[in-house]
Amino acid sequence: MPTPGGHPEGPLQGAVERLFARHAARLLERPRRWWLLVAAATVLLVAGLPRLTVDVRLNAFVVEDDPDFLAFQHLRQRFDNDELLLVVIHPPPGVSPLAPAMVRGLAAVHDAAARLDTVVWVSSLARARRLHLSGDTLSFERWIPAGGLPPERAREVLTDPQVRGRLAGRYGETLILRLGLANSDSPTLVAELDRLLKERLPAGSRWSMVGTPVIKRALRRALYHDSRLLVPLATGAALLLLAVGLGSLRRAVPPLAAALLASLWTLGLMGWARAPLTVVSAMAPALILILALTDGVHLSTAVRRLGVRAALLGVGPACLWTSVTTAAGFLGLALMGVPALVATGVWMAVGVMVGLFHAVVTLPLFLVRARTGGEVRELQGWHPCRRPGLRVALSLAALALLLPGIGRLHAETDLVRYFPADGPLRVGYRDAEAALGGSTPLSVMIERADGRPLLDARTLGLVARLRDALADHPLVASVRTLPD
0 MPTPGGHPEG
10 PLQGAVERLF
20 ARHAARLLER
30 PRRWWLLVAA
40 ATVLLVAGLP
50 RLTVDVRLNA
60 FVVEDDPDFL
70 AFQHLRQRFD
80 NDELLLVVIH
90 PPPGVSPLAP
100 AMVRGLAAVH
110 DAAARLDTVV
120 WVSSLARARR
130 LHLSGDTLSF
140 ERWIPAGGLP
150 PERAREVLTD
160 PQVRGRLAGR
170 YGETLILRLG
180 LANSDSPTLV
190 AELDRLLKER
200 LPAGSRWSMV
210 GTPVIKRALR
220 RALYHDSRLL
230 VPLATGAALL
240 LLAVGLGSLR
250 RAVPPLAAAL
260 LASLWTLGLM
270 GWARAPLTVV
280 SAMAPALILI
290 LALTDGVHLS
300 TAVRRLGVRA
310 ALLGVGPACL
320 WTSVTTAAGF
330 LGLALMGVPA
340 LVATGVWMAV
350 GVMVGLFHAV
360 VTLPLFLVRA
370 RTGGEVRELQ
380 GWHPCRRPGL
390 RVALSLAALA
400 LLLPGIGRLH
410 AETDLVRYFP
420 ADGPLRVGYR
430 DAEAALGGST
440 PLSVMIERAD
450 GRPLLDARTL
460 GLVARLRDAL
470 ADHPLVASVR
480 TLPD
């Protein structure tokens, strides 16, 4: 119950309205100073745009203190288990995979790829060796000697269990180049390897690459493409709809311009803060544009009816509360613990508040010459709000229809499926699956708790049993272990 002489909606609402009253007075008293402030801040923040980067590391979607992730990092460092990049190479039509020209080209690619940045090791039939037992002598010999192989011997090599599905396709029609990487973050590795393959392999050869570096390159390209496409598309659609809804293009431009500045300022702040765009936060500019437009449309509509001062007093507090609650909702993402979602929530909250600033400062500057219009036309006729019982019934009916859909929700974590089915990434993975029987490597690293060696008969027997169990799994195409 309001105190005598207090605000009927409470002291906090009264303080907010007094704040907007002072703001409206100062804004209308010295608009030029506010224009200079907005212009200077815009120039400063635009200078931060070149500092924006793109982060496609998959670790950004992992909780860093998760026990499974910490164990993975420990075992990876302990066993030096590097990330893999696989290249499936098809020879020209009518040419054997182990024809002399193909072997020379593969050897040249092998040697050059070993010198690329972040590449730790390279494996291919052109340089691979095998154990050879001759009498009592055990030696390492190349699968392909310097003089090459006769056709019948080439067929034996391509179908050898140690080669098939590892260094060659499972049907002997392709060659496999395997690269172990210190990390998969290099933005140029895939392009450099592609250049080597074009230069060194015989004309008519084709190839497909699979692995984390390929996914990251595709994600990086998609982020840049979407960032340049989403905001212009959202801007064009908003301009068209606003022009239709507000009655003229002239009325649509001011709220849209203020919303665009909100999106631009947020990107500039991210640039100066060295906060990269991720797969999730790349949609922030378009979302901020849309959210900022809501306050802008409310305020610009009120200005046409009431003038700038009365519109700020009447609509400003509502815009403040909606922006604060929206920002708080985005900040709730920080509780999820996933770095990419935490950063997205923080910057979306910042963008929402920047949008509020432009709605109550920049937009009124655009509209400062507006005059008070006619009265607001009241809604006439039947409306559900006039029948509260019917409104509750309709809400419950809609809820009853929608609740069963929650059980149909599922999480999609296959990054490859996010790309077009006929795009190079999906085509490459299908090619690799056909050649290898699968394109997703899974490493199981085993370490004894007592630190003793693993090469005793009992441990090797357990590894063999594990191998046999994994080989029977319907999703496993092939298994390789030390006993093999």
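Going by numbering that gives the first Met the number 0, the sequence shown runs without a break in its numbering and finishes at 483.
Glycine included, each C-beta is placed from N, C-alpha and C at the ideal position.
Exposure label - residue i; buried when at least 16 CB within 10 Å
i    : result
P403 : exposed
D471 : exposed
R489 : The chain is shown from 0 up to 483; residue 489 falls before or after that span and cannot be answered.
A214 : Correcting the residue type first, residue 214 is Ile in the shown sequence and not Ala. By the neighbour-count rule (16 or more Cβ atoms within 10 Å), I214 is buried.
P253 : buried
D54  : buried
W206 : buried
E140 : exposed
I405 : exposed
H224 : exposed
I445 : exposed
G164 : buried
M335 : exposed
D449 : exposed
T324 : exposed
W381 : Its pLDDT being 45, under 50, W381 is placed unreliably in this model, and the value from its coordinates should be taken loosely. Exposed: under 16 other Cβ atoms inside 10 Å.
L18  : exposed
P99  : exposed
S394 : exposed
H350 : Note that residue 350 corresponds to Gly in the displayed sequence, not to His. Counting Cβ neighbours within 10 Å, G350 comes out buried, since at least 16 surround it.
For residue i: DSSP bridge partner residues
i    : result
R205 : H89
E140 : R129
I175 : V87
G267 : Its beta-bridge partners do not exist; DSSP assigns none.
L180 : E82 and V118
A167 : R163 and L174
L148 : Answer by DSSP bridge pairing: none, since L148 is not bridged.
L276 : V53
When the options are compared against residue i, the one with the closest alpha-carbon
i    : options                   : result
R487 : V87, L290, A23 and G427   : The structure shown has nothing for residue 487, since the chain only spans 0 to 483.
R416 : G313, L298, L340 and G427 : G427
L266 : A46, R219 and P254        : A46
A272 : L398, L48, R249 and W33   : L48
G104 : E28, R194 and T52         : R194
L276 : R425, R227 and G235       : R227
D294 : V307, E151, L319 and G270 : L319
D159 : L124, G179 and R216       : L124
L238 : L222, A256 and L229       : A256
S122 : A285, D467 and L180       : L180
E151 : P96, A283, L334 and R429  : P96
L218 : V37, S280 and P30         : S280
G315 : L340, G354, L469 and P423 : G354
A526 : S442, G388, V94 and F329  : Lying outside 0 to 483, the shown extent of the chain, residue 526 is not represented and no answer is given.
L465 : T480, A476 and R451       : T480
I287 : F356, R451 and L298       : F356
L85  : A348, R126 and L435       : L435
M269 : V345, W34 and T325        : V345
L229 : P92, I289 and V209        : I289
P231 : R249, L259 and R220       : L259
V209 : S183, K197 and R199       : S183
V118 : L83, P92 and A107         : L83
E172 : A242, H89, R25 and L200   : H89
R341 : R429, L332 and V189       : The identity of residue 341 in the sequence shown is Val, whereas the question assumes Arg. For V341, the nearest C-alpha among the options comes from L332.
Residue range of the unbroken alpha helix (DSSP H) whose run includes residue i
i    : result
S123 : First-last for S123: undefined, no H or E at that position.
M352 : P338 to F356
L11  : P10 to E28
E432 : P423 to L435
P212 : T211 to L245
S442 : Looking at the DSSP string, S442 is not in any alpha helix (DSSP H), and its letter there is neither H nor E.
A98  : Here A98 belongs to no alpha helix (DSSP H), and DSSP marks it neither H nor E.
P363 : L362 to F365
I289 : A283 to L305
S394 : P387 to L401
V189 : L188 to R199
D467 : A456 to A470
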